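Enquirer:
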Amino acid sequence: MGTTILWLNRRDMDGLIDIYNVLHVVENAFREHGLGRVQMPPKVYLDFKAHNGDLRTMPGYLEDMDIAGVKLVNVHPDNPKIGLPTVMALMILNSTKTGAPLAVMDGTSLTDLRTGAAGGVAVKYLSREDSRVVGMIGLGRQARTQLRAIMAVRDIKKVKIFDKSSESTIAFKVDMEKEMGVEIESEPDAHKVCDCDILVTTTPVKSPVVKAEWIRGGTHINAIGADAAGKEELDPMILKKAKVIVDAILQATHSGEVNVPISTGIFSVNEIYAELGQVVSGIKQGREDESDITVFDSTGLAIQDVVTADLAYKKALEKKVGLELEMF
Ligand SMILES: NC(=O)c1ccc[n+]([C@@H]2O[C@H](COP(=O)([O-])OP(=O)(O)OC[C@H]3O[C@@H](n4cnc5c(N)ncnc54)[C@H](O)[C@@H]3O)[C@@H](O)[C@H]2O)c1
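Residue numbering for the sequence shown is 0 to 327, as defined by numbering that gives the first Met the number 0.
#1: Thinking C-alpha only, which one of MET179, LEU101, ILE4 and ARG113 is nearest GLN303?
#2: Kindly list the residues whose CB is nearer than 7 Å to the CB of PHE29, restricted to its own chain and excluding five residues on each side of it in sequence; keep chain order.
#3: Please determine whether the Cβ atom of PHE409 lies at a distance below 7 Å from any heavy atom of ligand 1.
#4: Alpha carbon to alpha carbon, how far is THR218 from VAL294?
#5: Give the DSSP bridge partners of ASN73, in chain order.
#6: Use the C-beta contact count for THR201: other C-beta atoms within 10 angstroms, 16 or more gives buried, fewer gives exposed.
#7: Quick one: what does DSSP say THR85 is sitting in, helix, strand or coil?
#8: Output the boundary residues of the alpha helix (DSSP H) element that contains LYS318.
#9: Which runs of the alpha helix (DSSP H) at least 4 residues long sit entirely within the stretch 13-38? Give them in chain order.
#10: Could you work out which residue in GLU184, VAL37 and TYR19 is closest to THR144 when comparing CA atoms only?
#11: From the DSSP output, in three-state form, read off GLY59 for me.
#12: For LEU198, does the count of other Cβ atoms within 10 angstroms reach 16, so buried, or fall short, so exposed?
#13: Mark MET175 as exposed unless 16 or more other C-beta atoms lie within 10 angstroms of its C-beta, in which case mark it buried.
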């Protein structure tokens with residue numbers, strides 16, 4: 000018996016799925032995680048020190064949903080100098096029955112979407128329902144899907160933004176104001192942005208860009224940027240006074256926002272309040288008080304990728320998108 004694989008390149012993936020349907024499947028994936036019905040070893044990193052880059056392997060299996068696959072993704076910050084993207088992700092979806100690959104797809108926009116969706120799920124369960132103002136530090140690829148997802152779950156009236164690059168700032172303001180129809184105010188520094196209800200950080204920094212005294216009670220923070228050892232966006236004193244919810248403890252302690260404060264002894268793993276899946280599945284309560292500061296520490300889970308890839312695969316079959324290739 001032959002096996003064909005559906006090949007979905009960047010163009011095929013474009014517009015196949017959107018943040019609204021991805022939010023739904025990613026919320027389900029977190030619930031399954033909370034209920035202990037997934038298999039997901041932490042990401043494995045190959046560190047290409049000589050080339051300032053890394054390659055990550057991320058396998059995941061949702062047992063009840065019967066969906067499995069693996070993502071291979073690099074981060075090479077110097078790539079743009081030679082005309083290549085920093086991040087190139089390849090996603091493989093497998094049949095759980097035979098193990099055969101069902102589809103191979105560009106995982107780059109898929110990564111942006113599933114990361115945005117995780118942020119949206121965190122905001123839905125952790126932020127105040129009356130949140131109206133979003134603050135955003137870092138205005139690259141992730142910032143866009145974060146805003147789309149947040150606006151899908153909260154009635155946002157105003158967005159305050161800051162990026163060290165004026166090019167990114169202008170592009171974000173022009174594009175997102177038009178797309179989302181929301182008022183976007185560009186601020187001269189990160190401090191001003193923190194006067195908000197929901198703060199999102201999506202920078203690749205290794206020393207904090209947000210100070211503890213800038214964060215008022217009741218704020219929810221999506222800390223998205225730290226996804227490798229040594230990365231850190233928030234003053235660790237924020238974590239000390241906040242309810243910290245991580246996506247997965249093993250990954251977060253290795254590479255999330257908490258990784259540096261844990262390695263320096265400022266913060267301990269016992270101070271992590273919950274995993275997001277425990278909140279989504281009702282095992283733990285999210286926000287308990289209007290004045291809580293809540294932090295979602297996102298590193299990006301393989302199960303987010305796998306459910307998003309399954310969605311893309313189904314849409315592609317339905318719309319007859321992609322190329323059938325023979326492999327075995
Ligand atoms: N948690 C996850 O699941 C997940 C998923 C994808 C990417 N990431 C991480 O998120 C971060 C952002 O990824 P991206 O794809 O949006 O990258 P990007 O390069 O598209 O955007 C990053 C933005 O941050 C800005 N920036 C850098 N330093 C800054 C500073 N000190 N102050 C203000 N702005 C600053 C840059 O100018 C740029 O506009 C990276 O660290 C990436 O590894 C996390």
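Every residue gets a Cβ at the ideal spot worked out from N, C-alpha and C, and that includes glycine.
Source: prediction; values computed, not measured.
Expert: In short:
#1: Taking the sequence shown and counting its residues from 1, the one referred to as residue 303 is at position 304. Answer by Cα proximity: ARG113.
#2: By 1-based counting over the sequence shown, the position of residue 29 is 30. Taken in chain order, the residues that qualify are VAL120, LEU275, GLY276 and VAL279.
#3: Outside the shown range of the chain, which is 0 to 327, sits residue 409, and nothing can be said about it.
#4: To locate residue 218, count along the sequence shown from 1; it is residue 219. To locate residue 294, count along the sequence shown from 1; it is residue 295. Using only the alpha carbons, I get a separation of about 9 Å.
#5: To locate residue 73, count along the sequence shown from 1; it is residue 74. Its beta-bridge partners are LEU54.
#6: To locate residue 201, count along the sequence shown from 1; it is residue 202. With 16 or more Cβ atoms within 10 Å of its Cβ, THR201 is classed as buried.
#7: Taking the sequence shown and counting its residues from 1, one reaches residue 85 at position 86. Three-state result, THR85: coil.
#8: For the purposes of this step, residue 318 is identified with residue 319 of the sequence shown, where counting begins at 1. Taken as a continuous stretch (DSSP letters only), the alpha helix (DSSP H) holding LYS318 covers 301-318.
#9: Listed in chain order, the complete alpha helix (DSSP H) runs (minimum 4 residues) inside the stretch 13-38 are 18-33.
#10: Taking the sequence shown and counting its residues from 1, one reaches residue 144 at position 145. If we check each option's Cα against that of THR144, TYR19 comes out closest.
#11: For the purposes of this step, residue 59 is taken as the residue at position 60 of the sequence shown. GLY59: strand per DSSP, three-state reduction.
#12: Position 199 of the sequence shown, counting from 1, holds the residue named residue 198. Buried, by the Cβ-count rule.
#13: Position 176 of the sequence shown, counted from the first residue, corresponds to residue 175. By the neighbour-count rule (16 or more Cβ atoms within 10 Å), MET175 is buried.
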